[in-house]
Each structure stands twice: as structure tokens, then as C-alpha cells.
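The structure appears below as C-alpha cells.
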Amino acid sequence: MKKILLSMIAALCLSASAFAQAHSDRITLGVGLLYENGLDATLSWEHETKYHNAWEYFVNGYLKWDECASCGHICPDSFWKNYRTWGVGAAYKPCVVRGRNHYGNVRIGASVGSNTDKFLGGFHVGYEHNFALRKGWVLYVQAKCDLMVPDREDLFREGIVIGFKIPTLKH
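This is the structure we're talking about:
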């Protein structure tokens, strides 16, 4: 009887700890530099499923700066008002690497938005590596490649994004 009771307690503890890692939600904020002269900012909500696979729903802003024609430098107008886009989308992130305090996901997604003049669609592919911090926080580094259509200004956007994932409160 003692063995049965101990094995039931052990099974309960293991299932409770396994459930604590699954189905977690996080708010993420990432900022990065993209080739050529691009600045990218993404705010998203991520729902993690089993084995660190995840769904991400995001809002993205992008600006491309250029040198000012009159002064030959990067000034506030040539930085903030040169070329800007925004988009909303979703991405699926299957886990491909698992370690003790880190894991890696391939990020595959799509978005729709605008470049302040016309419609813009995007297809997103990349790799994201996550490093677990204290209290559920995660630091991530993302290598990304975006295909933007029908955009002649930036058909491909490649670069690195660094950000944090902040756990949401569970009720």
C-alpha cells in the first residue's frame, strides 16, 4: 500500500511539473537590425504548446533609413521619414533543438500590412534560439528572412533580432 501511495504521489508531482511547462503564454518584444539600413521592432503574444513548439501572433514595424540628400549624413528626417511599413501576422514555431536551459525554434509565418501607400504582404522564415532566465523570462536571438510582396523597395529583409519573452499571469 505504501508503494502504491508513493508512486501515485510521484506521478502527480511529475505530471504537475510537466503541465507547468506546457501551454504557457508570453508577451514578446524584439528589436533588430536588418540588411540594408533597416530597423525592425516586433511586439507579439506567444502561446507555447508541448515540447516548446509555439504559435506567435505579432505586430511588426519596420523603417529603412538613408543618408540625407542635402547634408550627406543620417539626420532625423532621413531616419524617421524615409520608408516605413507595418504588419500584423502569425507564425508557427516548431522546436528543433532542446537543451538544459535553452531551445531553438524554426519560425514560419505570414503577415499583411502597408507601407503607408499600398498593401504589403510578407512571408517570414527564420531561426530563433531561446535562453531561459529566472521567473519564466526568456532571452531570444532570432535570425530572420522576410519576403515582402509586392514591394520593390525591400523584397528581402534579412537580419538579427534580440528580445525578451515575458510570462503572462495565469489565473
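The working numbering puts the first residue of the sequence shown at 3, with every later residue one more than the last.
The beta-carbon is built from N, C-alpha and C at its ideal position, and this holds for glycine as well.
| Item | Value |
| --- | --- |
| Which residue comes first and which comes last in the beta strand (DSSP E) that contains Trp82? | Trp82 -> not in any beta strand (DSSP E); alpha helix (DSSP H) instead, spanning 78 to 82. |
| Suppose contacts are defined by Cβ-Cβ distances below 8 Å. Is His104 in contact with Ala134 by that definition? | yes |
| Do you know offhand how far Pro78's Cα is from Arg109's? | 33 Å |
| Taking a contact to mean a Cβ-Cβ separation below 8 Å, would you say Ile164 touches Val143 in this structure? | yes |
| According to the Cβ coordinates, are Leu36 and Arg159 closer than 8 Å? | yes |
| Mapping DSSP to helix, strand and coil, what is Lys120? | coil |
| Going by DSSP, which residues form a beta bridge with Glu58? | Glu48, Ala93 |
| Beta strand (DSSP E) containing Glu160: first to last residue? | 158 to 169 |
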